[in-house]
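Here the structure is laid out as structure tokens; the discussion comes afterwards.
As structure tokens, this is what we get:
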């Protein structure tokens, strides 16, 4: 998916529709923790599900210990929670999260995010390589869990999808994305706050009673902001580690404050930030361009998101 396919052209249309569906019960999911070594890569459950680093490090969360879900336990837990559909809105950042969720919930770690008959190069650690395994090779039909749960990357204009049925979850975020020309807004929390305050928050605030943000088979829609991730390398001044870190801190404070209504929040930033800061050499093995993360990190993001969804009311 090119950067313009899930571009700012869709932000006002798609997210504008999304945000008017928020309501009264929210969760701010804490993803802080540390990378720790496993005793044996051959026996560690995380490594068997491709969520440990090449050097045998695993992500351990402090306040919300992760349950490691596979395609059977994850599917049963999400379906029993009342979730029937998960929508993904954003740019290539969210496309990679969609792909990781697809792999996790269909259990095909070899090529589970690719469409049938796709590029033969797209297997295992190559699945998140943009050159060969991009938008055009992605499986856009994300039916998983024996037909009980649909993952929808919304690559077409399904802007009202969240209103069409109960048990729907909408996940959205935008990575290193400008809000206007000249790189305006990239990792600029004030610009993003202003954007949402003008375009989305009024609708979100006006629908708090109509739409309950909690999950359940009898709930209309639950909307979640996914934090962005830290980069191994910043190519521009607005991509430094401190800039990205400050952006995520302030956006979390913004959504948690209620200024934009009631918004659920999932933190995957701390996992990537800890990897870059504390294990730089290992981090460089886990990204294909020093900007986008590859196989293991995206699969860990999927585990964090599943755990967050299941921890909500």
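Numbering (our numbering), first residue to last: 992 to 1304. We put the beta carbon where it would ideally sit given N, CA and C, even for glycine.
(request) Check whether the Cβ atoms of residue 1290 and residue 1088 lie closer than 8 Å to each other. (result) Reading the chain shown from its first residue, position 299 is the one you call residue 1290. Reading the chain shown from its first residue, position 97 is the one you call residue 1088. In this structure, residue 1088 does not lie closer than 8 Å to residue 1290 by Cβ.
(request) Leaving out five residues on either side along the sequence, give the residues of the same chain with a beta carbon under 8 Å from the beta carbon of residue 1176. (result) Along the chain shown, read from residue 1 onward, the residue named residue 1176 stands at position 185. Cβ within range, chain order: 1168, 1169, 1170, 1182, 1183 and 1186.
(request) Measure the beta-carbon distance from residue 1084 to residue 1165 and round it to whole angstroms, keeping in mind my assumption that it falls under 8 Å. (result) To locate residue 1084, count along the chain shown from 1; it is residue 93. To locate residue 1165, count along the chain shown from 1; it is residue 174. By a beta-carbon distance limit of 8 Å, residue 1084 contacts residue 1165. Their separation comes to about 7 Å.
(message) For the alpha helix (DSSP H) containing residue 1286, name the first residue and the last one.
(response) Here residue 1286 refers to the residue found at position 295 when the chain shown is read from its first residue. Following the DSSP letters along the chain, one finds residue 1286 inside the alpha helix (DSSP H) bounded by residues 1286-1302.
(message) If you reduce the DSSP assignment to three classes, tell me which class residue 1231 lands in.
(response) Within the chain shown, the letter at position 240 stands for residue 1231. If DSSP states are grouped into helix, strand and coil, residue 1231 belongs with coil.
(request) Measure the C-alpha to C-alpha separation of residue 1061 and residue 1137 and round it to an integer number of angstroms. (result) Numbered from its first residue, the chain shown carries residue 1061 at position 70. Numbered from its first residue, the chain shown carries residue 1137 at position 146. Between residue 1061 and residue 1137, the C-alpha separation is close to 14 Å.
(request) Count the C-beta pairs between the region 1034-1043 and the region 1230-1244 that are closer than 8 Å, then say yes if the count reaches three, no if not. (result) No: the two stretches stay apart, fewer than three of their Cβ pairs being nearer than 8 Å.
(message) Within a Cβ cutoff of 7 Å, which residues of the same chain sit near residue 1320, ignoring the five residues on either side of it in sequence?
(response) Nothing can be reported for residue 1320, as the shown portion of the chain is limited to 992 through 1304.
(request) Name the two residues that bound the continuous alpha helix (DSSP H) containing residue 1183. (result) Walking along the chain shown from the start, residue 1183 turns up at place 192. Residue 1183 -> alpha helix (DSSP H) spans 1180-1190.
(message) residue 1206 and residue 1213 - do their beta-carbons sit closer together than 8 Å?
(response) Walking along the chain shown from the start, residue 1213 turns up at place 222. Walking along the chain shown from the start, residue 1206 turns up at place 215. In this structure, the beta-carbon distance from residue 1213 to residue 1206 falls below 8 Å.
(request) Could you tell me which of 1032, 1058 and 1195 sits nearest to residue 1251, measuring between CA atoms? (result) Within the chain shown, residue 1251 is the residue found at index 260, counting from 1. Ranking 1032, 1058 and 1195 by Cα distance to residue 1251 puts 1195 first.
(message) Looking at residue 1053: is its Cβ nearer than 8 Å to the Cβ of residue 1300?
(response) On the chain shown, residue 1053 is found 62 positions in, with the first residue counted as 1. On the chain shown, residue 1300 is found 309 positions in, with the first residue counted as 1. If you check the CB distance, residue 1053 and residue 1300 do not come in under 8 Å.
(request) Could you tell me if residue 1179 is buried or exposed, where buried requires 16 or more neighbouring beta carbons within 10 angstroms of its beta carbon? (result) Your numbering for residue 1179 matches position 188 in the chain shown. Counting Cβ neighbours within 10 Å, residue 1179 comes out buried, since at least 16 surround it.
(message) Per DSSP, what are the beta-bridge partners of residue 1256 in this structure?
(response) As a position in the chain shown, residue 1256 is number 265, starting the count at 1. In DSSP, residue 1256 forms a bridge with 1019 and 1216.
(message) As a quick exercise: from 1216, 1129 and 1102, pick the residue whose alpha carbon is nearest that of residue 1086.
(response) Start at 1 with the first residue of the chain shown, and residue 1086 comes out as number 95. Out of 1216, 1129 and 1102, 1129 has the C-alpha closest to the C-alpha of residue 1086.
(message) Between the alpha carbons of residue 1273 and residue 1044, how many angstroms are there, rounded?
(response) Counted from its first residue, the chain shown places residue 1273 at position 282. Counted from its first residue, the chain shown places residue 1044 at position 53. Distance between the alpha carbons of residue 1273 and residue 1044 is about 7 Å.
(message) The alpha helix (DSSP H) that contains residue 1036, what's its start and end?
(response) Taking the chain shown and counting its residues from 1, the one referred to as residue 1036 is at position 45. Note, residue 1036: alpha helix (DSSP H), 1036-1039.
(request) Can you grab the Cα-Cα spacing for the pair residue 1120 / residue 1281, in whole Å? (result) Start at 1 with the first residue of the chain shown, and residue 1120 comes out as number 129. Start at 1 with the first residue of the chain shown, and residue 1281 comes out as number 290. Taking the straight line from one Cα to the other gives about 12 Å.
(request) Could you say which of 1296, 1109 and 1140 lies nearest to residue 1388 if we only look at CA atoms? (result) The chain is shown only over 992 to 1304; residue 1388 falls outside these bounds and no answer can be derived.
(request) Apply the 10 Å Cβ neighbour rule to residue 1115 and answer buried if 16 or more other Cβ atoms are within range, or exposed otherwise. (result) Along the chain shown, read from residue 1 onward, the residue named residue 1115 stands at position 124. Exposed: under 16 other Cβ atoms inside 10 Å.
(message) Short of 7 Å in beta carbon distance, which residues of its chain neighbour residue 1058, apart from the five on each side in sequence? Order them along the chain.
(response) Translated into the one-based positions of the chain shown, residue 1058 becomes position 67. For residue 1058, the CB contacts under 7 Å within the same chain, skipping 5 residues up- and downstream, are 1298 in chain order.
(request) Starting from the C-beta of residue 1229, find all residues in its chain whose C-beta is less than 8 Å away, skip the five residues before and the five after it, and write them out in chain order. (result) As a position in the chain shown, residue 1229 is number 238, starting the count at 1. Within the same chain, residue 1229 has close Cβ partners 1174, 1177, 1178 and 1179.
(request) State buried or exposed for residue 1064, treating a residue as buried only when at least 16 other CB atoms are found within 10 Å of its CB. (result) For the purposes of this step, residue 1064 is taken as residue 73 along the chain shown, with counting starting at 1. Taking all protein chains shown into account, residue 1064 has fewer than 16 neighbouring C-beta atoms within 10 Å of its C-beta and is therefore exposed.
(request) Inspect the beta-carbon positions of residue 1221 and residue 1267 and report whether they are closer than 8 Å. (result) Along the chain shown, read from residue 1 onward, the residue named residue 1221 stands at position 230. Along the chain shown, read from residue 1 onward, the residue named residue 1267 stands at position 276. Taking 8 Å as the Cβ cut-off, residue 1221 and residue 1267 qualify as a contacting pair.
(request) Going by DSSP, name the residue or residues bridged to residue 1266. (result) Within the chain shown, numbered from 1, the residue matching residue 1266 stands at position 275. Under DSSP, residue 1266 takes part in no beta bridge, so it has no partner.
(request) Helix, strand or coil for residue 1197, going by three-state DSSP, please let me know. (result) Locating residue 1197 in the chain shown gives position 206, counting from the first residue. In this structure, residue 1197 counts as helix in the three-state DSSP scheme.
(request) Express the C-alpha separation of residue 1069 and residue 1303 in angstroms, rounding to a whole number. (result) By 1-based counting over the chain shown, the position of residue 1303 is 312. By 1-based counting over the chain shown, the position of residue 1069 is 78. About 11 Å.
(request) Using three-state DSSP, classify residue 1117 as helix, strand or coil. (result) Here residue 1117 corresponds to residue number 126 of the chain shown, with the count starting at 1. Shown here, residue 1117 sits in a helix according to DSSP, grouped into three states.
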